[in-house]
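Below is one structure, written out as structure tokens; comments come after it.
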């Protein structure tokens, strides 16, 4: 079917007052000779319905609506069979430029040109459907409270679940607790953990298949097509025996945590009566009372030392979140056993978030519980066998000593995770050690092996991903994701982290997490079964196409993809697993051969937009700057700048991009050849506290822009003509200054010498 | 630290504990809350915490050491401000430390801190409870102070003065003590009781009370001194006479400031407290003066022979006494209103016993006076007897009840000035001058 392009120009919102609508119309009808062009009064309500009606009656296949920001339309406003692009004349032109000005008119006309050129090149995406059926069952790894809750939630929603537990019984840490902290009003009485009931529900659910004493020895494939192999841990069946193989659609990793050894400055392991909170819990669970390990006598006083394994730079610098509550709970165990018993709690910060505050208050009111902030400097054994705890900067004194029967240290919480990327790096380094080309290369590889050796054999999921067998992690071993904005998400599509492996949390939090991750997994299998992308481009039906005939096996795409979408064959040719893809286009930005394209987003589509802009001659003294703005933060920020009527330079032409990481360096070169005077890229913040929705996009763009600078210098142009900025959405007020400052840089260097060539 | 040292220290501690438990008048050295004479060893006294908690409305343990109380207190000095540190010590059951702390007496319980405490820990009430414990520690004999704080001891406490008066009446009656005809007969049913016998009885009780008060104040003073010395603060003057002189030099302005209610005026929560306490204090002083004047009429060289008792209504002494009675009545009623209006905490037991006793003294006094003027027999005698019972109650329990604050607060205020606690450092400077 031949394309029929239609253009709608909105005259409402003050657009007609600010612009010469006739001239704008002529751009569409005369310059681009679009077969259909109509003026509309607004882009909402009845006018929007009329537009849709026009699209139908005229048989339009590609439409440009020049009016309000694309963010102002609902997703279902237009028929899915039509390509509709929206030009934000209101936000990006009228609201931020003086009405009736020549430059304002030029800006509006250029935007219209860019989007008509864009739709000319665009094609309607077709949803991806693999040859095999998408499997909708869910694998839950870990049978603790988070895993069990995830399994139950998914099963109740009608999905079949495979639950894998390493040990011989379900329950995890919860099953090892004597009592639980209060979880219901008035939040003062210790409760039974309720773990048996939960295990009963899980084991009794016909949709849940429980595998205990098992680990995932292999997970091959991609979301909807994960092929799982289970291996025996040696409990019952010989270790390594294959127990089962099956296919699932998505995975919830709820592998929980393990207690770390307290910091070296405390005499854990040196004095017998210095134990960890997890040891005390187990003791009470087993024997129902607290005794001294050294002589077995009943304990009458305990000093709890908080942050024994956390919140110290040289140890774990994060808070393990549950130790304060655990110590308060264990203080109650002691006090229940003897009304004259004394429990001292030394803390740095007492953290009892939410309703747990009430529990804290109730324990605080107990005359036998002594709480103080302070730093424990020493624990020694006294002549009579008791322990003396010395602390400084406490509330009752500069330096105090208390004598106790037992010292309990709050152990830190370490996620049961594996660093997939490190494991892969270790394997790669091993190969280089034996097959390295030069001596230095082999030596460097050997050093790397030594550094990464601790990751050997730590794999949990055993994914067959090119980038490694497990989820990429952050600095403390928690799976990498934007955990504030997007909990449960990881850098592997279809695999969701829940519970303490994601971040330190209590039982209630783990239950919430389990339910949340189960919902995410369900969402994933449903969306990929429709050929749609999941978060953050949820619903996107485009996917990357690789023109492999031209691939040079440089491996940039397979290495740079933040989500491990691409595997490799022996030669290094990328193998696409489309259901793993998040559609960010970072592969597009990575490919030097420009072989990656989406139907609606490609090198040539953006190239056409670049070329569509009318670049005035040098003597007109109207420079042109091309701005690539990330759709996630920078583009909404530009809308906000318009809403706040901030004025900025009229010579800037903005092109939205999926992610700064998807900016092809070729575009910059093209722009400079076309006579633009500079290119500016604005994306999300990167680094440790990155805000990039695609994890690495803006950071990769920053690295690449250095190469682009070199390229410009080869073209005899200043590398300063390319700038990269980090912006979050709340910093919209910085945009005018970013543009103005860049204009000054351009002025300094003068107009692009390639202009008009 | 060597192992041997510790054994010695433990032995020291045990002997000291024995001393403290056994001795009625324990040496101040025994008041250390340290294991071995060094500060910082804490073994919380849980009974003490429970007592403080109970007496302060179960609020004590709510303290989170935020320091709001110290920040807003108008009376708290800048270095080592109270009551934050006292709250921490109280929560940790550091009894000895608290009972040697003059700061708890610098507080006038305006309860600014209690109303502003974000956790409802009521530091003002906790300090009041500590003061009561302080009185119990230093009072001579101690058991009376213990009784004075127990609600179930009220019948016993009232029974003692009733018994005492009855015994005096009985003795007066049965001994047939010669009685000058001019002497007024107090009770028709025991018409032989001479008024002088009554005066002598009250004077004897008064002297005993005075002795108890002086002993208590001295124990308190010594405890504070030792605590200060141990804390490393240099003591102002060396020789005992020099110390007494220095203390007296300070005492006069301190007493004047107490009379003028300077500290009370600084409390911002309510002016009512200032006026009510001022009123009660002046009423009390007026009545005490009249009482001493009358009781000592026969032996006091200052009093002319012409003093004829009883006075007429318009006699200056009678007018002063009546005014004093009215002042106490009005002040106490104000205090009652204040406590009733405070929804959170309406005063401790010791607080109420003092107010009720004072009210009982003046109310029965006025009733007896009215009945006397209308000559209603025998009611006026019954009323007078009741009045005497309450006067004796007030007097004999002065060193043990809340009224003991007259003694301990004055002592602490003088000590605070003397030791330079308020930053003025008068005595310390004076002491150095003497040395040089």
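Residue numbers (the numbering used here), protein chains in the order written: chain A, 1 to 757; chain B, 758 to 1193. C-beta atoms are modelled at their ideal positions from N, C-alpha and C, and glycine is treated no differently. Here the structure is a predicted model, which means the values were calculated and not measured.
A distance below 6 Å between beta-carbons, with the five flanking residues on each side excluded, links residue 13(A) to the following residues of its chain, in chain order: 90. Under the Cβ criterion (8 Å, minimum of three pairs), the region 291 to 311 of chain A counts as touching the region 338 to 351 of chain A. For residue 681(A), the pairing in a beta bridge is given by DSSP as 628(A), 724(A).
When secondary structure is reduced to three states using DSSP, residue 215(A) falls in the strand class. A direct Cα-to-Cα measurement between residue 1005(B) and residue 1174(B) gives close to 11 Å. By the neighbour-count criterion, in which a residue is buried when 16 or more other Cβ atoms sit within 10 angstroms of its Cβ, residue 264(A) is exposed. As the crow flies, the alpha-carbon of residue 1092(B) is around 10 Å from that of residue 1032(B).
Of all alpha-carbon atoms in 883(B), 998(B), 924(B), 1121(B), the one lying nearest the alpha-carbon of residue 955(B) is that of 924(B).
Annotated as distal: residue 200(A) and residue 165(A), with beta-carbon spacing of 7 Å or more. Against chain B, a Cβ distance below 7 Å from residue 342(A) picks out 801. For residue 496(A), the enclosing beta strand (DSSP E) has its first and last residue at 495 to 497. If you draw a straight line from the Cα of residue 194(A) to the Cα of residue 659(A), it comes to about 46 Å. Within the region 398 to 413 of chain A, 398, 399, 400, 401, 402, 403 place their CB atoms closer than 8 Å to a CB of chain B, listed in sequence order.
Residue 807(B) reaches chain A at 367, counting residues in chain order whose Cβ is nearer than 7 Å. Residue 822(B) has its alpha-carbon roughly 12 Å from the corresponding atom of residue 847(B). If you keep only unbroken alpha helix (DSSP H) runs of at least 4 residues inside the region 217 to 293 of chain A, you get 277 to 287. In the DSSP assignment, residue 344(A) forms a beta bridge with 303(A), 370(A). For residue 797(B), the neighbours in chain A by C-beta distance under 7 Å run, in chain order, 397, 399, 400, 401.
In terms of Cβ geometry, residue 255(A) and residue 400(A) do not form a close pair [threshold 7 Å].
Counted as a single uninterrupted DSSP element, the beta strand (DSSP E) harbouring residue 414(A) occupies residues 413 to 415. Secondary structure at residue 646(A): coil, using DSSP grouped into helix, strand and coil. The region 1031 to 1050 of chain B makes contact with the region 1072 to 1092 of chain B; the number of CB pairs closer than 8 Å reaches 3 or more. Cβ-Cβ distances below 7 Å link residue 1168(B) to 974, 977, 978 in the same chain, with the five nearest sequence neighbours on each side left out; the list follows chain order. Straight-line measurement puts the Cα of residue 445(A) at about 23 Å from the Cα of residue 462(A).
Interface with chain A (7 Å Cβ-Cβ cutoff): residue 837(B) is excluded. For residue 163(A), the enclosing beta strand (DSSP E) has its first and last residue at 161 to 164. The secondary-structure analysis by DSSP pairs residue 1174(B) with nothing; it has no beta-bridge partner. Across the structure, residue 839(B) and residue 985(B) are spaced so that their CA atoms are roughly 16 Å apart. Under the DSSP definition of a beta bridge, residue 546(A) partners with 596(A).
Within a 10 Å sphere around the beta-carbon of residue 1133(B) sit fewer than 16 other beta-carbons, which makes this residue exposed. In the three-state scheme derived from DSSP, where H, G and I count as helix and E and B as strand, residue 460(A) is classed as coil.
By the 16-neighbour rule on beta-carbons within 10 angstroms, residue 317(A) is exposed. Separation of the CB atoms of residue 70(A) and residue 50(A) is rounded to 19 Å, and the pair is thereby denied contact status at 8 Å.
Minimum Cα-Cα distance from residue 486(A) among the listed residues 122(A), 529(A), 289(A), 534(A) corresponds to 534(A). The CB of residue 851(B) comes closer than 7 Å to the CB of 396 in chain A, given here in chain order. Note that the C-beta distance between residue 417(A) and residue 473(A) is below 7 Å.
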